[in-house]
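*Asks:* Numbered according to the working numbering, the sequence shown spans residues 5 to 768.
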Amino acid sequence: MIRRHLTVTGTVQGVGFRPFVYGQATRHGLSGWVLNNGDGVEIEAEGDAGALERFAQALRHECPALARIAGISVCERVPRGERGFRILASSGTGVPARGSGGRAAIPPDVAMCAKCERELLDPADRRHRYPFINCTQCGPRFTIVEEVPYDRPNTTMRAFAMCERCAAEYCDPANRRFHAEPIACPVCGPTLSWRDAAGRPLHGEAALQRAVQLLTAGGILALKGLGGFHIACDATNAEAVRRLRVRKDRPAKPFALMVRSVADVERCAHVSEDERRTLDAPQRPIVLVRKRAEAPLAAEVAPGVPDFGVMLAYTPLHVLLFETGVRFPALVMTSGNRRDEPLAGTNAEAQERLADIADGFLLHDREIHNRADDSIVRAVGNGCVAQVIRRARGFVPEAIPADVEQCVFAAGAELKSTFALSRRGEAVLSPYLGDLDDERTLSFYAETFEKYLRLLDLRPEAVACDLHPDYLSARFAEDYARRDGLTLHRVQHHEAHVGSILAEHRWQSKEPVLGVAFDGTGLGSDGALWGGEFFVFQPSGAIRRVAHLQYFPLPGGDVAAREVWRAALSLLCHCGMADRAVGSMAEVPEEQRAAVRWIIESGANCPPTSSMGRLFDAAAVLAGLGPAADYEAEAAMRLEAACGEETAPYPCALTEGWPADVLLEPLVREMVADAGQPARLAARFHAWAAEMIVRIAERARQEEGTRVVGLSGGVFQNRVLTELTREKLGARGFSVLLNHLVPPNDGGISLGQVWLAARTRKVG
Ligand code: ZN
Ligand code: ZN
Ligand code: FE
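#1: Starting from residue 61, trace the alpha helix (DSSP H) in both directions and tell me its first and last residue.
#2: Please report the straight-line C-alpha distance between residue 517 and residue 462, rounded to a whole angstrom.
#3: Select from 601, 501, 568, 396 the residue whose C-alpha is nearest the C-alpha of residue 748.
#4: Hey, is residue 114 close to ligand 2, as in C-beta under 7 Å from one of its heavy atoms?
#5: DSSP state of residue 480, grouped into three classes?
#6: Considering only their Cβ atoms, is the gap separating residue 528 from residue 375 smaller than 8 Å?
#7: Which residue comes first and which comes last in the alpha helix (DSSP H) that contains residue 497?
#8: Here's a check: name, in chain order, each residue in its chain whose Cβ is nearer than 6 Å to the Cβ of residue 435, leaving out the five neighbours to either side.
#9: Using 8 Å as the cut-off, can you tell me whether the stretch 167-175 makes contact with the stretch 142-150, which would need three or more C-beta pairs spanning the two stretches below that distance?
#10: Ligand 1 heavy atoms versus the CB of residue 119: any closer than 7 Å?
#11: Quick check on the burial criterion: 16 or more other C-beta atoms within 10 angstroms. Buried or exposed for residue 161?
#12: Taking the straight line between their C-alpha atoms, what separation do you get for residue 393 and residue 718?
#13: Assign residue 447 to buried or exposed, taking buried as 16 or more other Cβ atoms, counted over all protein chains shown, within 10 Å of its Cβ.
#14: In the DSSP assignment, find the beta strand (DSSP E) that holds residue 309 and state where it starts and stops.
#15: Can you find the residues in the same chain that come closer than 7 Å, C-beta to C-beta, to residue 59, ignoring five residues on each side of it along the sequence?
#16: Pull up the CB-CB distance for residue 368 and residue 196, whole angstroms please, since I reckon it's below 8 Å.
#17: Is DSSP giving residue 99 helix, strand or coil here?
#18: Check residue 104 in the structure and name its three-state DSSP category.
#19: Take the Cβ of residue 57 as the centre, count every other Cβ of all protein chains shown within 10 Å, and call the residue buried at 16 or more, exposed below.
#20: Let me check one thing: in DSSP terms, what residues is residue 365 bridge-paired to?
#21: Could you have a look at residue 355 and say whether DSSP puts it in helix, strand or coil?
#22: Measure the alpha-carbon distance for residue 666 versus residue 658 and round it to whole angstroms.
#23: Excluding the 5 residues flanking residue 729 on each side, which residues of the same chain have their C-beta closer than 6 Å to its C-beta?
#24: Would you say residue 417 touches ligand 3, meaning its beta carbon is less than 7 Å from a heavy atom?
#25: Among 268, 263, 149, 335, which has the Cα closest to the Cα of residue 237?
#26: Identify which residue in 533, 669, 427, 112 has its Cα closest to the Cα of residue 762.
#27: Is residue 193 near ligand 2 - that is, is its Cβ less than 7 Å away from at least one heavy atom of it?
#28: Does DSSP put residue 442 in a helix, in a strand, or in coil?
#29: Select from 280, 25, 669, 676 the residue whose C-alpha is nearest the C-alpha of residue 579.
#30: Of the residues 661, 764, 391, which one's Cα is nearest the Cα of residue 704?
#31: What are the start and end residues of the beta strand (DSSP E) that includes residue 522?
#32: Could you name the residues of the same chain whose beta carbon sits closer than 6 Å to that of residue 9, not counting the 5 residues immediately before and after it, in chain order?
#33: Secondary structure at residue 514, three-state DSSP: helix, strand or coil?
#34: Cβ of residue 175 versus every heavy atom of ligand 2: is any distance shorter than 7 Å?
#35: With DSSP as the reference, identify every bridge partner of residue 469, one or two as the case may be.
#36: Indicate whether the contact test is met: 3 or more Cβ pairs, each with one atom in the stretch 272-287 and one in the stretch 377-384, closer than 8 Å.
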């Protein structure tokens, strides 16, 4: 007889791991026990050597679908001759002291599984139409957990005492709800309620019926979901969608849709095999798909852009919205917040903040402890992989393997903010927290940070943030570093973009890499606003900026992200064509143009920029696609949508030597010649950007020996550009790295910061 103690780390709590261990141990005739602790799962197993070996194999190779084993450590124990195998309550023994960085991974939330869905819709089941049905393979996780280990008393389900029947299922190792921590039923679990300005509150099924009535009548519904609130309306009802746009102060940005099935997505959009798989994945993200012209939807859902986001109903409550009375072809399902505010988390918060948006509220009494917005994913490449565009519900707080040993807190950027915390070989990112430009988002950020430190049980040893001194994230990091006496690493924004790719691809520094970072703007180390950058990352750790777009003045700075004609005017001035009212410049009143020309000449509030994002904006204006944008990158999206068949790029011109300037005058002159022909201009402009990358990549290969090119930054959310660049680089023998696990936009910056700060520390 041999007895072994095993510690299994990774995502092993809340995924049915203990019942799985129990089943395997019993099958192999082992005695002992299993329990959850702050590190993961602890097992003691006793039996003969062969059985223990088979048991260990099974742990690795047959573990539950949602589990992710990071490591198994084994030590020998003295056999005790104990009988039977037991699942023990999570115990204090083996729980490490606070701050020692326990390794228990908190599982992300999981969409309702097929078995639960069957029960939900089965009139004979005791959970028929119960909106909070779940099991060990599905349901809320991260959004309800307050403490580790992940056990019911450490979740917001603590408030509900299990009824006898639920308790029996919970305690029965043969039941699929054995230790399903959020287990609930109509007798003992959370309930729905309905609130509106007029009537009396309703509860349970009546509340649901009322909500569906409201949607059917074209009303706007606020509903509490898994990680926050949604605002919903019938996506086929133009009047309803228009009203929602007005109330939410969101004139143009596409709304996400929720549908019942993949077939419903196919009626609205062209869906590839990968996209189908991604739609149906346990994370159930919003997937960006190409709209069908004949989609049975109100045009107001996604005006003027080719792609929109669709997700499948992912909680039992969502499914019930589609399974009550009429079946909506699609519902608009947008985040429950006002413009530029964080997601509402509690019933009271939602009712207060969304009162003048929603006509009624479908609420419930299961509290959301950690808010998480819907994630957004898109498929890139031909039959290729998914790329996360917004990383939140379903993904967080799953760790990303990264070669970082220290515990670094990286504060991220400002827009699409996330922070990251690293620990022994992995980085854990916060959910997408929104744009960090107001008090409320900042306090959401600070609150999430405190929760993460507690849940992950970490004490940062170093801090990283952006170079930009005015980013609220950078100020937060400064304060934190000062208070705790920690070193603060300031990481340049675009270097961090490239760092995020190298971190997730686990680049081993054996050969140099060319990193391309194209985005709106970020502060450069020379004080200019960078955004069209090329770096060589050397194996030594040295980073050299080898090329960038030629600087041009950006009149008004940030204002130019919305008033996109400003960048166009600046480029026209740059080429001595200030008076040419070409493309959409003609729509800008002459006084405004004169005022901005004056700003450019005086140089006041006119930072020099190498921003590729603003260059895309300018191209869209010259193409005649409108002088203004309602949201960042809208103009660029319109330009992408306009691309015609033309393949001849505009002329590429680079200065000699490093750092090379990408000259803009030859480009702008030819764009002016094509002004007012959007299909042609857009296609040639995209071809120019891709060709320019190839030219610089070839020069870098010659001079620096780089054969690998990484593409990051928000501009690479542009499919046409990304595909074209990949194709062209591939044809010339380069290998291309893209972001997959973290967004190419600023949501991925925190991972790059962690990775670069850790490397600086090692070198220094
Ligand atoms: Zn389930
Ligand atoms: Zn119950
Ligand atoms: Fe950026």
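The C-beta atom is built at its ideal place from N, Cα and C for all residues, glycine as well.
*Replies:* A quick look at the data gives this:
#1: Start and end: 53-65.
#2: Counting only the Cα atoms, residue 462 lies some 32 Å from residue 517.
#3: 501
#4: no
#5: helix
#6: no
#7: 497-508
#8: Excluding the 5 residues flanking it on each side, residue 435 has same chain C-beta neighbours closer than 6 Å at 376, 396, 400, in chain order.
#9: no
#10: yes
#11: buried
#12: So the two alpha carbons sit approximately 9 Å from each other.
#13: With fewer than 16 other CB atoms across the displayed protein chains lying within 10 angstroms of its CB, residue 447 is exposed.
#14: Element bounds for residue 309: n/a, residue is neither H nor E.
#15: 28, 29, 32, 34, 49
#16: 5 Å
#17: Interpretation of residue 99 is limited by its pLDDT of 43, a score under 50 that renders its predicted location unreliable; the figure taken from the coordinates is listed afterwards. Residue state, collapsed to three classes: coil.
#18: For residue 104, the pLDDT reaches just 46, beneath the cut-off of 50, and the residue's location in the model is therefore unreliable, leaving the point undetermined.
#19: exposed
#20: 199, 226
#21: Helix.
#22: 5 Å
#23: 694, 697
#24: yes
#25: 335
#26: 427
#27: yes
#28: coil
#29: 669
#30: Ranking 661, 764, 391 by Cα distance to residue 704 puts 661 first.
#31: Secondary structure note for residue 522: its beta strand (DSSP E) is the uninterrupted segment 517-527.
#32: 48, 79, 81
#33: coil
#34: no
#35: 494
#36: yes
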